[in-house]
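Written below as structure tokens is the structure these notes are about.
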Amino acid sequence: MVGRYADTSRETYLAVNPHNPLMGSDSCPLYREDIRVIKKKGFTNMYYDMPWHLEFKIRRQLIAKFGRKQYFQMRKGERLITPDQQKVIEQVMRANNWQGPIKFDGEVEDYLW
Numbered sequence: 164m165v166g167r168y169a170d171t172s173r174e175t176y177l178a179v180n181p182h183n184p185l186m187g188s189d190s191c192p193l194y195r196e197d198i199r200v201i202k203k204k205g206f207t208n209m210y211y212d213m214p215w216h217l218e219f220k221i222r223r224q225l226i227a228k229f230g231r232k233q234y235f236q237m238r239k240g241e242r243l244i245t246p247d248q249q250k251v252i253e254q255v256m257r258a259n260n261w262q263g264p265i266k267f268d269g270e271v272e273d274y275l276w
């Protein structure tokens, strides 16, 4: 009965409850500071100088950390790489004894939201 009169559109609205006691404080889970950071964009040339066996090992570990889809989006530059993700990439490479430079395709200054 109700289905006949219900709206057929499937619009979704996301909202923050202003009456939430955590709202407006640093303990709010949705709070983000407006700090601009340098995000890297893509790393298609990162493996250029690397031996194949090391490249294979590092690639497999990064896919395990980020997931296959997110890894390839970051690699192609479709998804920007945050400073925390940059640290993870560097840690994986240094843990596998890569002493060379970590080459990203570019960088963008953006908010960390």
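The opening position of the sequence shown corresponds to residue 164 in this note's numbering, with each subsequent residue numbered one higher.
Beta carbons: idealized from backbone N, C-alpha and C, even for Gly.
| request: Using three-state DSSP, classify residue 253 as helix, strand or coil. | output: helix
| With 16 other Cβ atoms within 10 Å as the buried cut-off, status of residue 203 | buried
| query | DSSP on residue 247, reduced to helix/strand/coil? | reply | helix
| Continuous alpha helix (DSSP H) stretch holding residue 221: start and end | 215-229
| message | Mapping the DSSP letters down to three states, classify residue 203 as helix, strand or coil. | response | strand
| Given residue 236, which residues of its chain have a CB within under 8 Å of its CB, disregarding the five upstream and five downstream residues? | 242
| query | Going by Cα to Cα distance, which pick from 270, 231, 259 is closest to residue 249? | reply | 270
| request: Can you tell me the Cβ-Cβ gap for residue 199 and residue 276, rounded? I've got them flagged as a contact below 8 Å. | output: Wrong, their Cβ atoms sit about 10 Å apart, outside the cutoff.
| task | Whole angstroms is fine: what's the gap from residue 230's alpha carbon to residue 168's? | result | 43 Å
| Who are the near neighbours of residue 222 in its chain, counting only those whose CB is closer than 7 Å to its CB and skipping five residues on each side? | none
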